[in-house]
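Colleague:
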Amino acid sequence: MPSSVSAPDRVNDFVVKFANVNGTGSASANSLIMKTIFRMGVPVTGKNYFPSNIQGLPTWYEIRVTRDGHAARSSRVDIMVAMNAETYQRDVREVVSGGYLIYDSTWPRSTLLQRGDINVLGVPLAQLVNENFDGVRNRILLKNIAYAGVIAALLDLDLTVIDALLRESYGKKPKLLDSNSRALKLGYEHAKRHLSCPLPLHVKHLDKTRGYIMIDGNTAAGLGCVYAGATVGAWYPITPSTSLMDAFKGFCERYRVDADTGERNFAVIQAEDELAAIGMVLGAAWNGARAFTPTSGPGISLMNEFIGLAYYAEVPAVIFDVQRVGPSTGMPTRTQQADILLCAYASHGDTRHVLLFPANAEECFYMAVKAFDLAERLQTPVFVLSDLDIGMNDWMCRELKWDDAYQPDRGKVLSEQELASLDKFYRYVDRDEDAITYRTLPGTSSKGAYFTRGSGHNQYGGYTEDSTEYQFVLDRLKRKFVTAARYVPEPEILGGGDGKLGIVSVGSCDGAVREAIEVLARQKIAVDYMRIKAFPFTQQVETWLASHTTIFVVEQNRDAQLRALLTLETQVEKSKLHSILSYSGFPMSCDPIVDRIRASLAEEPRLSAVPAKGPR
Amino acid sequence: MPSSVSAPDRVNDFVVKFANVNGTGSASANSLIMKTIFRMGVPVTGKNYFPSNIQGLPTWYEIRVTRDGHAARSSRVDIMVAMNAETYQRDVREVVSGGYLIYDSTWPRSTLLQRGDINVLGVPLAQLVNENFDGVRNRILLKNIAYAGVIAALLDLDLTVIDALLRESYGKKPKLLDSNSRALKLGYEHAKRHLSCPLPLHVKHLDKTRGYIMIDGNTAAGLGCVYAGATVGAWYPITPSTSLMDAFKGFCERYRVDADTGERNFAVIQAEDELAAIGMVLGAAWNGARAFTPTSGPGISLMNEFIGLAYYAEVPAVIFDVQRVGPSTGMPTRTQQADILLCAYASHGDTRHVLLFPANAEECFYMAVKAFDLAERLQTPVFVLSDLDIGMNDWMCRELKWDDAYQPDRGKVLSEQELASLDKFYRYVDRDEDAITYRTLPGTSSKGAYFTRGSGHNQYGGYTEDSTEYQFVLDRLKRKFVTAARYVPEPEILGGGDGKLGIVSVGSCDGAVREAIEVLARQKIAVDYMRIKAFPFTQQVETWLASHTTIFVVEQNRDAQLRALLTLETQVEKSKLHSILSYSGFPMSCDPIVDRIRASLAEEPRLSAVPAKGPR
Amino acid sequence: MSFINKPKVAHPSLPKNALGLTRRQYEGSMSTLCAGCGHDSITAAIIEACWELDMRPEQLVKLSGIGCSSKTTAYFVSGSHGFNAVHGRMPSIASGANAANRELTYIGISGDGDSLSIGMGQLVHAIRRNVSMLYLIENNGVYGLTKGQFSASADIGSQAKRGEVNRSPPIDPVLLALSLGATFVARSFSGDKAQLVPLIKAGLRHNGFALIDVLSPCVTFNDHEGSTKSYTFTREHYHAAMEADFVAPQQSISVDYPLGESTEVQLHDGSRVILRKLDANYDPTDRGAAYAYIEGKLKHNEYVTGLIHINESSSTEFHTVNRTSQTPLNRVPFERLTPGSAALEKLMARYR
Amino acid sequence: MSFINKPKVAHPSLPKNALGLTRRQYEGSMSTLCAGCGHDSITAAIIEACWELDMRPEQLVKLSGIGCSSKTTAYFVSGSHGFNAVHGRMPSIASGANAANRELTYIGISGDGDSLSIGMGQLVHAIRRNVSMLYLIENNGVYGLTKGQFSASADIGSQAKRGEVNRSPPIDPVLLALSLGATFVARSFSGDKAQLVPLIKAGLRHNGFALIDVLSPCVTFNDHEGSTKSYTFTREHYHAAMEADFVAPQQSISVDYPLGESTEVQLHDGSRVILRKLDANYDPTDRGAAYAYIEGKLKHNEYVTGLIHINESSSTEFHTVNRTSQTPLNRVPFERLTPGSAALEKLMARYR
Ligand SMILES: Cc1ncc(C[n+]2csc(CCOP(=O)(O)OP(=O)(O)O)c2C)c(N)n1
Ligand SMILES: Cc1ncc(C[n+]2csc(CCOP(=O)(O)OP(=O)(O)O)c2C)c(N)n1
Ligand code: SF4
Ligand code: SF4
Ligand SMILES: [Mg+2]
Ligand SMILES: [Mg+2]
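Residue numbers (our numbering), protein chains in the order written: chain A, 56 to 671; chain B, 56 to 671; chain C, 26 to 377; chain D, 26 to 377.
Spelled out as structure tokens, the structure:
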């Protein structure tokens, strides 16, 4: 028996990975374990690596127990629960030396003894379940709960917590509750009897999750849309954005249906495609409703023409791009940040758009609200660039709070009275010299009537082919983008460095970057950190970039799109910007950041070792 | 009578502008004059400024008689033929002091005497025509020919040349020929009798157009597609690209129809929209035909999703983007260069595309051919970025030549025999280490069968969700773009400067830039010039940029898109790049370039006087 | 405006409607279409219909795509908001606008290119969603604005101005709409104002998606010999099966119709449509029968016009299906939209 | 493959066809669809049809969009080229491919979402253009791959797994195709291989666009009580009006059909389709009648299956209209495509 991972330092600090087959109901078992650890007061992250398929292909779930509350995934696997024969080989390979492998010993496995450096624990799961339950499907489902029981014993999880969770899920279905509890006990007791429990790697009660919740970004964003007062949601289903609209719809059915009349204060329209979805959003927003559409890369590509219309005709719109791996259909169930440039400059002609970059589920909630305020204030499309990792995985974050004093910023919309006080209304005249003009809603009064068009128009809203009139409007639009920089969120800036060496990053890289900074700090390398929250870039961004001499840009794409945007849209000299890229499709871990920075500090040249062509 | 523009120095060097109403057949009269001057051996340019409308709105035609053979438009108007009552006021205003105004004196105009500093010549055109012809429509048409006659007299045009041209157009319709000739004489003789002909500004025979032709870029490009052996053209009509497909179809009907059987060696498909058009191109190219689609900005926006598929699945495609004024519908009948960034990075995910930039009609022909060679060699979409000015106006250029030795580069396509010699075929394996892999055509042999997909795939063409396999292909695609730089045309470089001060420009700015350089040279300011012909940028581009210290980037858009692309895709420090932008929708003249460069040399600061935010 | 002096849509007298507005007050900016373009006549009919309906200008919302036809929303009721969208995508804009405010009246103007080529998908789904609006196709068989290419409604054998002959089967918006279960389907001719005006009025009042396919000749590119969409050809092959009169709620029926050959359909706002069959064996309330009838006539190049099918009792109208609040969504007070801090506090339990 | 052991499409014996190929040689990679998915049965039928047709694998081109259904092109005839396009845009890829090489046989596999929502415009125009291909819709009333949202073919009253009830009218691809003048329209059921195989064979041989709408239940998201696209519901409401037998050119008819109730249609390659009416008063060659019949049955929730309409004599097939050379465009030698220097020299005169 190989020596196991040395105990003391790893309590509440290790990774359990579950290898399953999708469509077999393993998700509930895995999140049961994750939730139990969370309720035991121990910070945890759960990452789901699933295939673009409905049933029968390999899927993994990775739980990181992290007493220090890291948000990123860790690249090491301490305990592997290998429930999928098909991926067994590579699953075994992934376990760290001294780690543990749990497998179903119902059938003997010759390939088992491949590795002498890990601890292999067999449990006859199928056998246990088959002896106690019947029904093919039923057995498949309960086998999952059974291994959850095994893990509970090995990790010393609190059975009362598990019990409570089971009641919450199956409270209304006593038979299900019973069978699940029994299956859990089966595994638990077998482990207690046959394995040395708990493992050195186990969970101990802490008090570090009070005031926190586990929620996925899409749910938080959908909830944000409800709180922001969005009434029209139009979409076309696409992974990984689908659950955002599901959440919005679910919450609306709970909060937006009149108890007496059954009347609904919302409309969710499943459009025929993304072109129609964005068209509906523009129509609704133009008509005075807060409207949005959730989508992913392919949807953004299809919306290009309409996005240009919204920019030029100045129609508000909120677009959630829950990014997945591109190009094209790419890997729909993997994460990436590769739509940054497309969203920033979407559509033909001279255009540019406002972007928000949430870093976690919590920000998805608040930025969703912010997005509507910005879209209506600036009368332009606003993109919320989330990604699959943020959107579909459960994130531990502070409980969401709402300020009842909040009033939506509906922007410059003239009421009938205000119109009456004007001698004449012109749609695109810059009365306040902030490059934002006044609009009116259909139905207000014929005095406020105007014509919205994507063809050449002058500041009075009239059709034009006159150069001067055309340029006058186009120049104001450019100025409006400068105004926008005054409204968007400032970056999050973390000191600690010498003010010279810094990291710039965005979105879901945040956890990995923060962890990297801690690791480097322990190695006496102090690094500053600026997390971009929005485009256009604010003055603070400029100042920070100017003051730092060596800047690492961390992002999840091949072509260094954030670096490109910084290069084009700030004064920074690109030679100062060094890319650290991850585009594997898996959430980023801190390792590549730590390694690259240490390496480059070791031997300067590396710093500028970047191919001649292309941004990165 | 005000002193007229001093004569000697302006012979064969002046601008005549015609103000007409569209849909009244003035085009033929105007091009008759332009063509006559050209055949008299005098270099000429003709620019058409027409509305996005079919009948009844103002339209202008501008002929620049330029003995020095400038290709750009000149911003001055020496002679205005004011045939449109509606625009009369501003037309009068446009004439340079000492210039001439020709108008229809059938009805007296009170507003006439507004300007004492120009020579006003009245001709009772309507009266003349009405006395000699009948039929409303007929009279409208012939009135145009009548003023052509007047101009012929005033400019001392060669009547035999005009006569020949009339015969060429109406040879088969004797009645039309007769009425046109008579109408021409009417105007000609009236002018001879009542006005002092010729004007000091007139045309004298030269021998500077031998070996040259007058042709528009779309016709040349369409012809190029025929010579390149393109067999499938799919499109959706959109100004200003429509005439490209009209030309292709016309030439195919002439050169591609079997005399005996009537069978056609081509297929032109009018698609239901641009998404379908590019889809058809991909289907045809994937299946081994040379296929293309002409479109403009809105079409490119709609093609975004498919372009990403073509990039990732490596399907050849040739896309002509005849650019017009954006954003959105913009000004469909005005010119701009504002699709550069969109085309370079079209679609979501990490993508980038090969671009060609013709500068005139002649290059449209040769670059069309080049585009197919590149698309098939590199197995990727290739964009030819023309614009309305190049595509729809007549350009004086060298006669087009064809080398019968030319063989199309069909790229790496395996024949049945070659397949037989392999033990196994894999679609995406980099056998030659140039990042370009081998493909097969459907129907060749089942051994060469493979699966084309936009979803994650490995080098063997198999579906994958494995990070390493996915990245392996994505990294090769990035290297393929480096290979591409070895195949694309080198920039055109013009010396003359001190090697420090230079202009970089692209496409239809060329004429204005060259003229500006001449003007500056006369003022003892020597400037180098590099005209970008393609993206990715070649080593020569890098070297030139590196060697120059002050670089002006001249382009026709608001956001300095070429400057942005240079900033991102070369090593140049952006602080060296100073923008000179024109986005009025009219072809560029040399004035803004000359002025800006002189100004900036005068007072350094101006050089960097460019807004903080955004590329330019 | 046009070079050949074209009279601005003119009206002899200037009578006022119930709102005290004259027809002129329902006009828009001056048309820039070709002299004689069918579209201008349709514009005139719309002006007439809105005037007769006593429509408050701000009550109307005008939507269109891109094309000569789509330009016309600028030429009527300048007191209404207008949205000139992108080519072929007007239905989605209309659907979104309608979702946001169910109280306004929506009129969408499109062309055969805008609707049947690039716009096909959105048109089909606006019909399926039964978005309450009048959708009017100004059908001339060509792409006018891009200079006369055949559209998908061009008939087999029809000849283009340049001589080319179309060999692909036409898409008939009427058959299409019927096959999709549209609840209001009509066809008319730009030259027949008497028939067109009541159809427009009924369409504007219909509770659901009302499609009117109006044959509207393009004098510049498709009005020649050999064209099947010319004035001449249309007049000759034009077959009115059904006259529709529109009777406003308060109004009483002036003429009385001979029993049997006239049917009355009540619209949701109380107004009525009186249908007078010109062809005895025709029933506009039976969709299947209507389809068969139209299709039969089309085989012989006959365009059946009039109110071809109406079904006022359908329950598929968008807001009915969605059970949307009667208060337009864009006017529901924010307090009723946001659940507030207490609810959020409560909700958080679910995620602990 | 699936966790529940699902047998790979298996065949008892391994007989060879005229090319000496066994059925196995017409298979593709192993299916990754859910156990029991209707789509897998259709894949099996396609394999059978290609085997029986003695189809040379390299002669077949497989095209699809995105969806569970669209994945299936990877599961049959691995010896053929396949193109998995983007969602809803397969028809344009097929049209382009067909234009480039008229000699190959094209089969497009799509889903109800892929075809009737995002793909509607392209489907309609592929039909209008009459591109020669077999277009097969694997219709399950939901978006399978995105986990069960209603598609546009969902019937009114049909209930989703999560309980939601659809209230919008369904789009029926068969009625749609008929209204657009499609020349080959059929419907079948994934569970009825006997009916499906001959239909696929005839569709592959049809000279023009052949549409087969195949009801193909989604066991995971739409096979429950209350669904109108479940195996049970389909079996119950499934009405075969027309049996079609496919007879290859060389083949002679084995059984002889009682006169009168069977009609024979000759396909352009000499093969024949023998139609046996199960419903006397039905004529599959009369499009209008077919439409009325189908529509009538649909009213009572009855899905008419079989070869609903066929018109082999139509002259609207793409290459016929285009008068394309018999030599596929992708094989016309370059010399015949490029006019050469002399012609250019001559042409220049026009521009002097
Ligand atoms: C995306 C896009 N593609 C193409 C065009 C060019 N275009 C403008 S109008 C039009 C067709 C108009 O035809 P139709 O809808 O029948 O209107 P009509 O002019 O005949 O009234 C086209 C192709 C465009 N504006 N946008
Ligand atoms: C542009 C785009 N939008 C959305 C999606 C997501 N998506 C993939 S398949 C699908 C629907 C599939 O439904 P259907 O065609 O009926 O196939 P099924 O899975 O039911 O067989 C959707 C919406 C996508 N891949 N691309
Ligand atoms: S081109 Fe045709 S459709 Fe357009 S305005 Fe002129 S007549 Fe009307
Ligand atoms: S989800 Fe439905 S359609 Fe998709 S594979 Fe499973 S059963 Fe088939
Ligand atoms: Mg039209
Ligand atoms: Mg489906």
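The beta carbon of each residue, even a glycine, is placed where N, CA and C say it ideally should be.
Please list the terminal residues of the continuous alpha helix (DSSP H) segment that includes C:Asn-109.
Modeller: It is not in any alpha helix (DSSP H) - C:Asn-109 instead sits in the beta strand (DSSP E) that spans 106-109.
Colleague: In the DSSP assignment, find the beta strand (DSSP E) that holds A:Ala-137 and state where it starts and stops.
Modeller: First-last of the beta strand (DSSP E) with A:Ala-137: 132-137.
Colleague: At least one CB of chain B closer than 9 Å to the CB of C:His-112: is that the case?
Modeller: So, interface residue.
Colleague: Contact criterion: CB-CB distance below 9 Å. Does B:Val-568 meet it with respect to chain A?
Modeller: No, B:Val-568 lies away from the interface with chain A (no Cβ there is under 9 Å from its Cβ).
Colleague: Can you give the beta carbon distance from B:Val-437 to B:Leu-411, rounded, assuming they're within the 8 Å contact cut?
Modeller: Sure, about 7 Å apart at Cβ, within 8 Å.
Colleague: Should the segment 642-655 of chain A be called in touch with the segment 559-570 of chain A, which here means at least 3 C-beta pairs below 8 Å?
Modeller: Output reads yes: the segment 559-570 of chain A touches the segment 642-655 of chain A.
Colleague: On the premise that B:Glu-141 lies in contact with B:Pro-113, defined as a C-beta separation below 8 Å, what is that separation, rounded to the nearest angstrom?
Modeller: Indeed they touch by this definition, with Cβ atoms about 6 Å apart.
Colleague: Use the C-beta contact count for B:Asp-271: other C-beta atoms within 10 angstroms, 16 or more gives buried, fewer gives exposed.
Modeller: Flag for B:Asp-271 reads buried.
Colleague: Taking only beta-carbon positions, decide if A:Ala-74 is within less than 9 Å of chain D.
Modeller: Chain D contact via Cβ: absent.
Colleague: Check whether the segment 363-370 of chain C and the segment 294-306 of chain C touch, using three or more Cβ-Cβ pairs below 8 Å as the test.
Modeller: At 8 Å Cβ cutoff, the stretches do not touch.
Colleague: Going by DSSP in three states, A:Glu-471 sits in which element: helix, strand or coil?
Modeller: Three-state DSSP puts A:Glu-471 in a helix.
Colleague: Which of the three DSSP states is assigned to B:Asp-583 in this structure?
Modeller: DSSP places B:Asp-583 in strand when its eight states are reduced to three.
Colleague: Answer with yes or no whether the minimum CB distance from D:Ile-91 to chain A is below 9 Å.
Modeller: Closer than 9 Å to some Cβ of chain A, the Cβ of D:Ile-91 qualifies, so yes.
Colleague: Might you give, ordered along the chain, the residues of its own chain that have their beta carbon closer than 8 Å to the beta carbon of B:Tyr-709, omitting 5 neighbours on each side?
Modeller: No answer is possible for residue 709 of chain B: the residues shown for chain B start at 56 and end at 671.
Colleague: Mind pulling the chain B residues with CB within less than 7 Å of C:Gln-174?
Modeller: Within 7 Å Cβ-Cβ: Pro-292, Gln-325.
Colleague: Beta-carbon within less than 6 Å of A:Tyr-104's beta-carbon, same chain only, minus the 5 sequence neighbours each way: which residues are those?
Modeller: Closer than 6 Å at the Cβ level, and outside the excluded window around A:Tyr-104, lie Trp-115.
Colleague: Which whole-angstrom value is the C-beta distance of D:Leu-161 and D:Gly-121, which I expect to be below 8 Å?
Modeller: Incorrect: roughly 19 Å between the Cβ atoms, too far for contact.
Colleague: My parser needs the beta strand (DSSP E) runs of 3 or more residues fully inside the segment 449-493 of chain B; what are they?
Modeller: List check, beta strand (DSSP E) in window: 449-453.
Colleague: Can you tell me which of the three DSSP states D:Pro-223 falls into?
Modeller: Three-state DSSP puts D:Pro-223 in a helix.
Colleague: Going by Cα to Cα distance, which pick from A:Trp-341, A:Arg-389, A:Ile-293, A:Asp-301 is closest to A:Asp-357?
Modeller: The residue asked about is misnamed: residue 357 of chain A is Leu in this sequence, not Asp. Comparing Cα-Cα distances from A:Leu-357 to each of A:Trp-341, A:Arg-389, A:Ile-293, A:Asp-301, the minimum goes to A:Ile-293.
Colleague: Just how far apart, CA to CA, sit C:Tyr-256 and C:Ser-204?
Modeller: Spanning the two alpha carbons is a distance of roughly 28 Å.
Colleague: What does the shell around ligand 4 hold, if a residue joins when its beta-carbon is under 5 Å from any heavy atom?
Modeller: Those satisfying the condition are, in chain order, A:Ile-109, D:Leu-58, D:Cys-59, D:Cys-62, D:Cys-93, D:Gly-169, D:Cys-243, D:Val-244, D:Thr-245.
Colleague: Of all Cβ atoms in chain C, is any one closer than 9 Å to the Cβ of D:Asn-155?
Modeller: Interface residue, yes.
Colleague: If you measure from the beta carbon of B:Pro-255 to each beta carbon in chain A, is any gap under 9 Å?
Modeller: Taking Cβ atoms only, chain A never reaches closer than 9 Å to B:Pro-255, which makes this a no.
Colleague: How is D:His-150 classed by DSSP in three states: helix, strand or coil?
Modeller: If DSSP states are grouped into helix, strand and coil, D:His-150 belongs with the helices.
Colleague: State yes or no: is the beta carbon of B:Phe-527 nearer than 9 Å to at least one beta carbon in chain A?
Modeller: Judged by the 9 Å Cβ criterion, B:Phe-527 is not in contact with chain A.
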